[in-house]
Structure formats: structure tokens, C-alpha cells
Amino acid sequence: MSEVLSHVVTRDAPWTEPVEVAAGLGGGDGALALLSDGGPGGRWSHVATGPDRVLVGPVDDAAPFQALRDAAFGAGVVGLAAYDAGARPATGQRETTWPDLMLARYPAMLTFDHHQRTVTAVGRGATEGQADEAAHVALGWLANAAVVAPPSAPAETFDAEALAGAYRAAVSDVVERIAAGELFQANIARAWSGALKLDADPFDVFLRLQQDRASPFGAYWRIGDRALVSNSPELFLAFDAASRRIEARPIKGTRPRAVDPVQDAALADELQASAKDRAENLMIVDLMRNDLARVSQPGSVRVETLFEVENHPTVHH
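Read in order, the letters of the sequence shown are residues 221 to 537 in the numbering used here.
And the structure:
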């Protein structure tokens with residue numbers, strides 16, 4: 221077991237754009253950027269590098285997520301859990317290029333408050349001296365912030381791994397299973413793959429997404445030979461440890477933004493009135509309400525907003 225980072229030291233610093241700090245650190249092994257757009261749902265951003273402990277591997281079928289009970293993973297930890305991991309052992313193992321679980325502990329991290337326009341360097345250590353040193357390491361990253369130039373397209377082409385015919389067959393199969401009562405709903409994923417240009421890397425993909433369409437929940441995380449790039453407007457779960465409150469904001473339905481204000485408003489109204497999108501949204505809200513009820517105090521789950529359109533730079537959701 222690694223030593224517990226029980227001491228925390230924080231240092232304040234002037235505002236610097238988090239994407240510029242992330243660009244200054246580069247996208248190498250251990251690089252982390254959790255970037256928000258500063259809107260109502262995206263107040264905080266976090267940037268870090270240099271994890272001192274990394275865990276990559278399958279979950280334990282006998283005791284899933286046992287590693288999370290290690291006190292050493294109690295703070296400063298970023299993690300990724302595969303969809304299949306939550307269904308162990310029922311699903312069994314299957315061939316995949318991604319592990320069930322990835323965890324990394326960061327003694328040094330920068331936290332950005334977009335609403336207050338403040339930056340806080342957070343240092344953690346087994347002693348106060350180690351924590352203070354880690355905080356100063358994080359402060360040093362600000363000096364390396366780099367102006368982000370728009371990267372060119374990182375890949376020439378992306379191709380679907382499943383042919384159109386196979387995808388349509390999967391849709392037909394799901395429709396039949398729903399009609400037969402075997403399924404209530406299903407998401408059919410369609411993977412796409414491509415090769416990066418010789419002068420590009422996954423961090424270029426992240427920067428391109430951030431410049432074209434920043435979202436409340438953008439993420440870049442590189443551990444070893446794997447890189448996660450995400451740019452989502454949807455909050456899956458948020459947990460406030462002080463109040464013990466957990467929140468989910470599922471999204472269904474999309475319309476593009478328009479330059480003309482009248483047309484833009486019409487598209488938002490169209491989404492609001494769509495019977496199909498409202499039915500899908502109601503279904504996923506009910507599903508999340510049921511899931512949250514399993515881990516919440518009886519009777520405490522409430523739907524506070526429903527069918528509320530969220531406006532993002534490129535889409536209405």
C-alpha cells in the first residue's frame with residue numbers, strides 16, 4: 221500500500237486560461253486536463269501531470285473496485301471505469317483494448333474557478349512539507365502556459381468499424397427485442413477508427429475540440445499508450461460530500477445552433493416540442509431516478525427540472 225497523502229496545502233494564483241496551461245504541459249504520459257466552458261454547468265477546470273501512483277487493470281470479480289478502498293486512493297485521484305466493469309461478473313470477460321479500471325493519483329494539481337476567475341494550486345503529501353512542495357510544483361506550471369494555435373485536422377480519415385448494413389441489422393434486431401419485451405431501451409454504439417498523422421497526437425484532437433466547441437465537460441487524460449479525449453455537454457453524476465447530495469442531468473435530443481437569432485430560437489422551440497425527444501428524455505430520467513433510488517435515502521429522489529433546453533455554443537440539448 222502506498223503512503224496516504226493526508227496533508228493538503230493550497231496556494232492562490234492569478235487567472236490563466238486552463239487550456240493554455242494544459243497546452244504548456246503537453247499531452248505526454250500522465251497529462252490530465254478536465255476543462256469546463258465556464259457556463260452554469262461548467263464552473264471548474266483541473267489540470268495536472270506527474271501522477272505518483274497509477275493502477276490499470278481489470279476489476280476483481282470477487283470484490284469489484286476493491287482498489288478504491290485503498291486509503292492511498294482517498295484524494296487527488298482521477299479514474300475511469302469501463303461500462304462492462306459495473307456488470308461484473310454477469311458479463312464475464314471479453315476482448316477489449318481498454319481495461320476495466322484506470323486510476324491515477326496526482327499530488328500536484330491546479331484548480332480553476334471560472335466564475336470567480338481564480339486559480340488554486342493544490343498540493344498533497346504525506347507530510348506538510350511534501351504537500352507544500354507539490355503546491356509549488358503546480359504553481360510552476362502557470363509559467364509554461366502556451367498560446368494555443370488552432371491545430372490542423374489530426375487525421376486524414378475516420379472509418380466506421382461496422383458497415384452500414386450491419387448497423388441497420390443491429391437496429392432491426394433491437395426493435396424486434398423491444399417489441400418482444402426483452403428490452404426497454406438500448407444504445408447501439410458504432411465505433412469509428414483512423415490513424416493520426418505523423419506530426420499529430422491525441423492532444424491535438426483535444427485542442428481542436430476545445431477551440432471549435434468547448435463544453436462543460438471536456439477531458440484529456442493520457443496514461444501509458446492510452447489517451448482519453450472527451451467533450452461532453454452532459455453531466456452524468458455530481459456528488460457533494462458535505463451535503464451528501466448526488467445529481468444527474470441526462471440529455472436526450474439535439475438541434476444545431478443557428479446564426480440568425482429567430483431561426484436559433486425556432487430550433488430550440490422545435491426541440492422543446494418534439495414528442496420523440498421528450499419521450500426519450502422522460503425514459504432516461506426515469507431510468508436515472510430508479511438507479512439513484514438504489515443508493516439514496518428512501519423518498520429523497522426528486523426530479524427538479526424536466527424537458528429544459530440547454531443552450532451550448534454549437535447545439536441545443
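Ideal placement from N, C-alpha and C gives every residue a C-beta, glycine not left out. Predicted model, so just to flag it, every value in this text is computed and none were measured.
Check, Outcome
"N501 by DSSP, collapsed to three states: which one?", "helix"
"What does the Cβ neighbour count give for V425, buried or exposed, with the cut at 16 atoms within 10 Å?", "buried"
"Rounded to a whole number of angstroms, what is the C-alpha to C-alpha distance between M503 and A365?", "44 Å"
"According to DSSP, is L225 helix, strand or coil?", "coil"
"Along the chain, where does the alpha helix (DSSP H) that runs through V521 open and close?", "No alpha helix (DSSP H) contains V521, which DSSP labels as neither H nor E."
"Given Y326, which residues of its chain have a CB within under 6 Å of its CB, disregarding the five upstream and five downstream residues?", "A268, P271, G296"
"Could you tell me which uninterrupted alpha helix (DSSP H) segments, each at least 4 residues in length, are contained entirely in the stretch 327–389, listed from first to last along the chain?", "348–362"
"Thinking C-alpha only, which one of L427, A486, A485, H537 is nearest L245?", "L427"
"Hey, V368 and V239: beta-carbon distance below 7 Å or not?", "yes"
"Looking at V274: is its Cβ nearer than 7 Å to the Cβ of A324?", "yes"
"E490 lies in the alpha helix (DSSP H); which residues open and close that run?", "481–493"
"What residue range does the beta strand (DSSP E) around G438 cover?", "437–443"
"For H266, list the residues DSSP reports as bridge partners.", "L254, T331"
"Using only the alpha-carbon positions, how far apart do S463 and R509 sit?", "19 Å"
"Please classify H335 as buried or exposed, where buried requires at least 16 other C-beta atoms within 10 Å of its C-beta.", "exposed"
"So is the beta-carbon of P518 under 6 Å away from any non-hydrogen atom of the ligand COA?", "You won't find the ligand COA in this model; it holds no ligand whatsoever."
"State the beta-bridge partners of I408 as determined by DSSP.", "According to DSSP, which records beta bridges pairwise, I408 is partnered with nothing at all."
"Quick check: A351 and G360, are their CB atoms within less than 7 Å of each other?", "no"
"To the nearest angstrom, how far is it from the Cα of L321 to the Cα of G444?", "14 Å"
"Out of K417, S494, R231, P481, which one is the CA nearest neighbour of A354?", "R231"
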